[in-house]
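Peer 1: Protein chains in written order, with my numbering: chain E, 14 to 79; chain L, 59 to 218.
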Amino acid sequence: MKNNIKVQRAIHNFTQQDLADKIGVSRQTINAMEKGKYVPSTVLALKLSQLFKISVNEIFELEAED
Amino acid sequence: MKTNYLFPYRLKKISGIIFLISFITLTVFYFLDEFAYFEIKSKVFAVVGNTGLLGENDWFGWVENSITDEILVVLSIVFGIIFAFSKEKYEDEMVMSVRLNSLAWATIINYILIVLSYIFIYGVSFLTVMSAIMFSQLLIFIILFRYNIYKLNKAGTDEE
């Protein structure tokens, strides 16, 4: 699964730590998500969507192997 | 998401220290005969107890036994469990998934060890190995989990 969290974060001018604090996870989790090493839960995806004010589909995208 | 079966983070350090001390003492105690000096003899209640390796089983009776190892085993297991299953400083869903992953691998590795020792170890040594295997799953889990969390924190330090 691909995501554009890093882009969204840049648009909103958040550091990884800012974003982590806002959605209640550790900075390591944000880092792992941006690198595609961790697929977040639905709850976390919805929190991101709420924060960035865009739909979940606009942040996450399925890849061929999913 | 709330996880309610984990112990609080503040117990982590102290339980880790007690676990390490009692576990090392237990290991040393097991391998060194001189430690017989530290034996605490006591009458204990035994559900099953017998005298000698081939003696008759005595059910529900009182036996004389050194309780040093009992104390150390209980300390190791209780504080080992608390250390292994207490919250991380930053507990979130990824830590939860790392924990589950480490637990699954620890179980698999442990059973591989059990199968291997069952096939290749015979005689009285087998009893020694089996008593070590009482702790191996917990120990493997702790090592795997700590290593994975360490790896995670290390990977997380390179921002942008």
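Note that the Cβ used here is the ideal one computed from N, Cα and C, for glycine as well.
1. State the start and end residues of the unbroken alpha helix (DSSP H) segment that holds Ala190 of chain L.
2. How many whole angstroms separate the CB atoms of Thr56 of chain L and Leu130 of chain L, which I take to be in contact at a CB cut-off of 8 Å?
3. Is Met154 of chain L close to chain B? Criterion is C-beta to C-beta, closer than 7 Å.
4. What number of angstroms, rounded off, separates the C-alpha of Phe103 of chain L from the C-alpha of Leu133 of chain L?
5. Cβ closer than 8 Å: which chain E residues qualify as neighbours of Asn211 of chain L?
6. Shorter than 7 Å from the beta carbon of Tyr208 of chain L to some beta carbon of chain E?
7. Contact between the region 139-146 of chain L and the region 25-34 of chain E: three or more CB pairs below 8 Å?
8. With a 10 Å radius around its C-beta and 16 neighbouring C-beta atoms as the bar for buried, classify Met192 of chain L as buried or exposed.
9. Does the beta-carbon of Asn44 of chain E have 16 or more other beta-carbons within 10 angstroms, so that it is buried, or is it exposed?
10. DSSP three-state label for Phe27 of chain E, please.
11. When the cut-off is 7 Å and only beta carbons count, does Ser62 of chain E lie next to chain L?
12. In whole angstroms, give me the CA-to-CA distance for Met13 of chain L and Glu122 of chain L.
13. What's the gap between the Cα of Ile75 of chain L and the Cα of Phe199 of chain L?
14. State the Cα-Cα distance for the pair Ser73 of chain L and Phe203 of chain L, rounded to the nearest angstrom.
15. Alpha carbon to alpha carbon, how far is Leu61 of chain E from Lys71 of chain L?
16. Applying the 10 Å Cβ sphere with the 16-neighbour rule, what's the burial state of Ser100 of chain L?
17. If you drop the 5 nearest sequence neighbours on each side, which residues of the same chain put their C-beta closer than 7 Å to that of Glu97 of chain L?
18. Would you say Tyr63 of chain L reaches chain E, if we count a Cβ-Cβ gap shorter than 7 Å as a contact?
19. Output the boundary residues of the beta strand (DSSP E) element that contains Glu119 of chain L.
20. Any C-beta of chain E within less than 7 Å: which residues of the region 125-154 of chain L qualify?
21. Are Asn115 of chain L and Val105 of chain L closer than 7 Å when you measure CB to CB?
22. Taking only beta-carbon atoms, is Val52 of chain E less than 7 Å away from chain L?
Peer 2: For this structure:
1. The continuous alpha helix (DSSP H) containing Ala190 of chain L extends over residues Val182 to Ala213.
2. Since the first residue of chain L shown is 59 and the last is 218, residue 56 of chain L is not available in this structure.
3. The structure shown contains no chain B; the protein chains it does contain are E and L.
4. Whole-angstrom Cα-Cα distance: 19 Å.
5. Residues of chain E whose Cβ lies closer than 8 Å to the Cβ of Asn211 of chain L are, in chain order, Gln41.
6. Not one chain E Cβ lies under 7 Å of Tyr208 of chain L.
7. No, because fewer than three Cβ pairs between the region 139-146 of chain L and the region 25-34 of chain E fall closer than 8 Å, the two stretches do not touch.
8. Exposed.
9. So Asn44 of chain E counts as buried.
10. Secondary structure at Phe27 of chain E: coil, using DSSP grouped into helix, strand and coil.
11. Judged by the 7 Å Cβ criterion, Ser62 of chain E is not in contact with chain L.
12. There is simply no residue 13 of chain L to check, as chain L begins at 59 and stops at 218 in what is shown.
13. In this structure, the alpha-carbon of Ile75 of chain L lies about 17 Å from that of Phe199 of chain L.
14. Their Cα atoms are separated by approximately 16 Å.
15. It is roughly 33 Å from the alpha-carbon of Leu61 of chain E to the alpha-carbon of Lys71 of chain L.
16. Ser100 of chain L comes out exposed.
17. Within the same chain, Glu97 of chain L has close Cβ partners Ser124 and Thr126.
18. Interface with chain E (7 Å Cβ-Cβ cutoff): Tyr63 of chain L is excluded.
19. The question names Glu, but residue 119 of chain L is Gly in the sequence shown. That run of the beta strand (DSSP E) goes Asn115 to Ser124.
20. Going along the region 125-154 of chain L in chain order, one finds Tyr148, Asp150, Glu151 and Met152 with a Cβ nearer than 7 Å to chain E.
21. Going by C-beta atoms, Asn115 of chain L is not nearer than 7 Å to Val105 of chain L.
22. Cβ-Cβ to chain L under 7 Å: no for Val52 of chain E.
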